[in-house]
Amino acid sequence: MVMKQQNKQSRYRRVGTTSVAIKPGKSDHVFNLVVDLFLIVLLVIIAVPLWSTITLSFRPNDYIGNNLQGMFLAPWEWSFSAYKALLGNQGFLLAFKNSFLILTGGVVTALLLTIPLAYVLSIPTLPGRKYLSLLVVIPYVFNVGMIPTYLLVTNIGLIDHLAAIFLPGAISTYNCLIMRSFFEGLPSELKESARIDGASEIQVLVRIILPLSKAIIMTIGLFYGVSFWNDFFHAMLYLNSNHLQPLPILLRNILMASGMNEYVEVSAFGDAPIAAIKAASVFMSAIPMIIAYPFIQKYFTKGTLLGSVKG
Amino acid sequence: MSQVPGKKRGSQLARDIRRHRSVYLLLLFPLTYYIIFKYIPIFNGQIAFKEYMALDGVLGSQWVGLKHFKTFTNSYYFIELLRNTLMYSVGKLLFSLPLAIILSITIYECNKPTLRKMVQTLAYLPHFLSWVIMYGILLALLAPGDGIINDIIKLFGGKPLDFLTNTNAFPWIVIFSDAWKEMGWGAIIFIAALMGIDPSLFEAALVEGASSWQRVRYITLPSIRPVIIIVVLLRLGTILDAGFNQIFMLYSTPVLSVADIIDTWVYRQGLLEFQFGLATAVGLFKGFIGMFLILGSNRLVRRFGGNPLF
């Protein structure tokens, strides 16, 4: 019984419910109260900005109260006019499509480049492994900044190609090294026996390593996905044509627009309030991240990304 | 006699290479990628010592020695940029690190599973939002006319404030919004460390009659101290990165004197004013100092029992 209880509690040990029968003192009650209070206050602090943006996006056209009162507006009074306007707008749909292309193209390219490199770096008997590691780590340690990379992208003619958004970041050294530590941690007997049976390294990678590495590939793929989906800086630098603009650029233009403006024809979004249009486009841009989030959470809380520090 | 070991080593190498033949195939694309996208930029870094002319290219431009570096270190903005950069990176560290530690300990100590789950789920989420989205959220919160904060200020009869163009408010907005976004993510590493604490320590403390406060003070905090030290050291290694995307989204001309950091300045000089040589020199200056900081912090991390990535 005691054992069972301890097992149940072992992930989040609850000292107050261990087998030791001691009455909690007065200070323990105060302690628990302080802990709960802190977490509740924190919950409110995190939730309020999110909630205010969401309620703002559902603001009816003829609403007269201020934003503070708007947060308490009943859901049956919400209006979808801002979302209708966004989804009926060609520019918005195009930007969404561009972002989606960058996301998928970027994640596939990044994984196809990162996985083989991380695997080769993890082979302990590789001749010249030390030099290969050095080659990978040097650009990470010595960062020359944005201008030399900008010159490169310009010179190889990537300007105005969607690939310019993800190619400069297609191998993140950090992600690669996390993946390498994961591969190194896989049981070496499996790899060795396959090698003795005459399997080539490619076969070892595809047949043995990859099926065991779904979690890390998902995690790293999602990290890449988040960075490509959220990128606005490279898009701003490398994409000139209007029809190539991804969502973050459009969102930035919509947010910077104040009524009559030089960036976006806000009038193109129909009669929904401008503030509601802004908030709705914020929410729409975040939706893919919010959908992916539960899947990411499952992996990152396991600690796969904590390669840099042993807990 | 002396040839035998050499010959043996040679054939060993040949055998290794033959055995790893498919390795070179695996490395083909990643290494090509590294040479093009990581090493050509380092090669392009030479324009820090040149008067870069687009028509002459990187190689054809005239050498000017340390001219750009001198221009930078002698200019009035040198101190200002360095001060702002350090103000933001150190400020963020001092503010969000204790918050992340407190958050991890309260999550760990909380005995209400629903509350704990809710906090964990919601606190990690903002990390995945871009700074463009964050800017939209902050607008709904801080806008001078109709932001929530100003609604509250007006409710209590105060005067509304334009936070994002006010030089006194701006640094706090940067530090608070970063804490709001990253605090939960920063707590994960400490939560992982807390999970590793031996529960028998707590049982012993309970038997000895220690209060909850004493438990936190004498068991929990000392247990995660090595992780705290390592996190601080790793952050010190990137102390010159003050958060380009954040500042770039939030700053504007009225707050430039307190908002401009090295990276935003490099962006404006290089890509808006086309001072490629000067901008690259400043980037190189930052990269060079950053290199020593990262190597130093990695060495210290290893000394404190941590496991740096390289």
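First to last, the sequence lines map onto chains A and B.
Residues 35 to 345 in the numbering used here are what the first sequence lists, from first letter to last.
Residues 1156 to 1465 in the numbering used here are what the second sequence lists, from first letter to last.
Heads up, the beta-carbon is just placed ideally off N, CA and C, and yes, glycines get one too.
This one's a predicted model, so the numbers in the text were calculated from it and none came from an experiment.
Extent of the continuous alpha helix (DSSP H) to which Y1263 of chain B belongs: In the DSSP annotation of this structure, the continuous segment of the alpha helix (DSSP H) that includes Y1263 of chain B starts and ends at Y1232 to E1264.
Counterpart residues of W85 of chain A in DSSP-defined beta bridges: Paired residues: none, contrary to the question.
4 or more residues per run - each alpha helix (DSSP H) lying fully within the region 144 to 184 of chain A: Listed in chain order, they are 163 to 175.
Chain B contacts from the region 264 to 290 of chain A (Cβ-Cβ distance under 7 Å): Considering only beta carbons, the part of the region 264 to 290 of chain A lying closer than 7 Å to chain B consists of N264, F266, F267, L271, P282, L285, R286 and L289, in chain order.
Sheet register partners of K1205 of chain B (DSSP bridge): The partner list for K1205 of chain B (beta bridge, DSSP) reads B:W1218.
Residue environment, Y1179 of chain B, which counts as buried when at least 16 other CB atoms sit within 10 Å: That one is exposed.
Cβ pair D10 of chain A, I193 of chain A closer than 8 Å: The structure shown does not extend to residue 10 of chain A, since chain A is modelled only from 35 to 345, so the question has no answer here.
Residue-chain proximity (S113 of chain A, chain B), Cβ-Cβ < 8 Å: No, no contact with chain B.
Contact with chain B by M353 of chain A, beta-carbon distance below 8 Å: Only positions 35 to 345 of chain A appear in the structure, and residue 353 of chain A is not among them; the question remains open.
8 Å Cβ cutoff, W1368 of chain B in contact with chain A: Closer than 8 Å: yes.
Contact with chain B by N177 of chain A, beta-carbon distance below 8 Å: Yes, contact with chain B.
Where I243 of chain A falls: helix, strand or coil (DSSP): Looking at I243 of chain A - three-state DSSP - the assignment turns out to be helix.
N- and C-terminal bounds of the alpha helix (DSSP H) containing S261 of chain A: Taken as a continuous stretch (DSSP letters only), the alpha helix (DSSP H) holding S261 of chain A covers K248 to N264.
Chain-ordered chain B contacts of K312 of chain A [CB-CB under 9 Å]: Chain B residues near K312 of chain A: G1291, L1294 and A1295.
Minimum Cβ-Cβ distance from D1333 of chain B to chain A less than 8 Å: At a cut-off of 8 Å between C-beta atoms, D1333 of chain B does not count as an interface residue with respect to chain A.
Coarse secondary structure for M37 of chain A, derived from DSSP in three states: Here the model assigns M37 of chain A a pLDDT of 40, short of 50, so the residue's position is not dependable, and the following value carries that caveat. Residue state, collapsed to three classes: helix.
Buried or exposed (CB count within 10 angstroms, at least 16 for buried), Q1430 of chain B: If you draw a 10 Å sphere on the C-beta of Q1430 of chain B, you find 16 or more other C-beta atoms in it, and that means buried.
Option nearest S1285 of chain B by Cα separation, candidates B:I1444, B:N1462, B:M1404 and B:L1296: Taking only the C-alpha atoms, the option nearest S1285 of chain B is B:M1404.
Beta-carbon proximity of V1274 of chain B to I1260 of chain B, cut-off 8 Å: For V1274 of chain B and I1260 of chain B, no; Cβs fall outside 8 Å.
CB contact flag (L1241 of chain B, W1420 of chain B, <8 Å): Not in contact: L1241 of chain B and W1420 of chain B (Cβ atoms no closer than 8 Å).
Helix, strand or coil at Y97 of chain A [DSSP, three-state]: Coil, per DSSP.
7 Å Cβ cut-off: residues of chain B touching V81 of chain A: Inspection of the sequence shows that residue 81 of chain A is occupied by Ala rather than by Val. Here the neighbours are L1277.
Spatial distance of Y1470 of chain B from F217 of chain A (CA atoms): Nothing about residue 1470 of chain B can be read from this structure; chain B reaches only from 1156 to 1465.
C-alpha gap between L1426 of chain B and L284 of chain A, whole angstroms: For L1426 of chain B and L284 of chain A, the gap between their C-alpha atoms comes out near 20 Å.
Three-state secondary structure assigned by DSSP to I1402 of chain B: If DSSP states are grouped into helix, strand and coil, I1402 of chain B belongs with the helices.
Simplified DSSP state of P1299 of chain B, which is helix, strand or coil: Here DSSP, grouped into helix, strand and coil, assigns P1299 of chain B to coil.
Which of helix, strand or coil DSSP assigns to S1332 of chain B: Helix, per DSSP.
Alpha helix (DSSP H) segment containing F1443 of chain B, residue limits: F1443 of chain B -> alpha helix (DSSP H) spans F1431 to R1458.
Contact under 8 Å by Cβ, S1332 of chain B with L1391 of chain B: By the CB criterion at 8 Å, S1332 of chain B and L1391 of chain B fall outside the cutoff.
Chain-ordered neighbours of G1490 of chain B on chain A, where CB pairs are closer than 8 Å: For chain B, the structure presents residues 1156 to 1465; residue 1490 of chain B sits outside this window and is missing.
Classification of G402 of chain A by the beta-carbon crowding that lies within 10 angstroms, buried from 16 upward: A query on residue 402 of chain A cannot be resolved here, the shown segment of chain A reaching from 35 to 345 and no further.
Cβ neighbour criterion (16 or more within 10 Å) applied to A1359 of chain B: A1359 of chain B comes out exposed.
P1463 of chain B beta carbon less than 8 Å from that of I205 of chain A: Contact: no.
Spatial distance of K164 of chain A from G125 of chain A (CA atoms): Whole-angstrom Cα-Cα distance: 50 Å.
Where the alpha helix (DSSP H) through G219 of chain A begins and ends: G219 of chain A -> alpha helix (DSSP H) spans T207 to G219.
Local Cβ density within 10 Å of Q1217 of chain B, reported as buried at 16 or more and exposed below that: With fewer than 16 Cβ atoms within 10 Å of its Cβ, Q1217 of chain B is classed as exposed.
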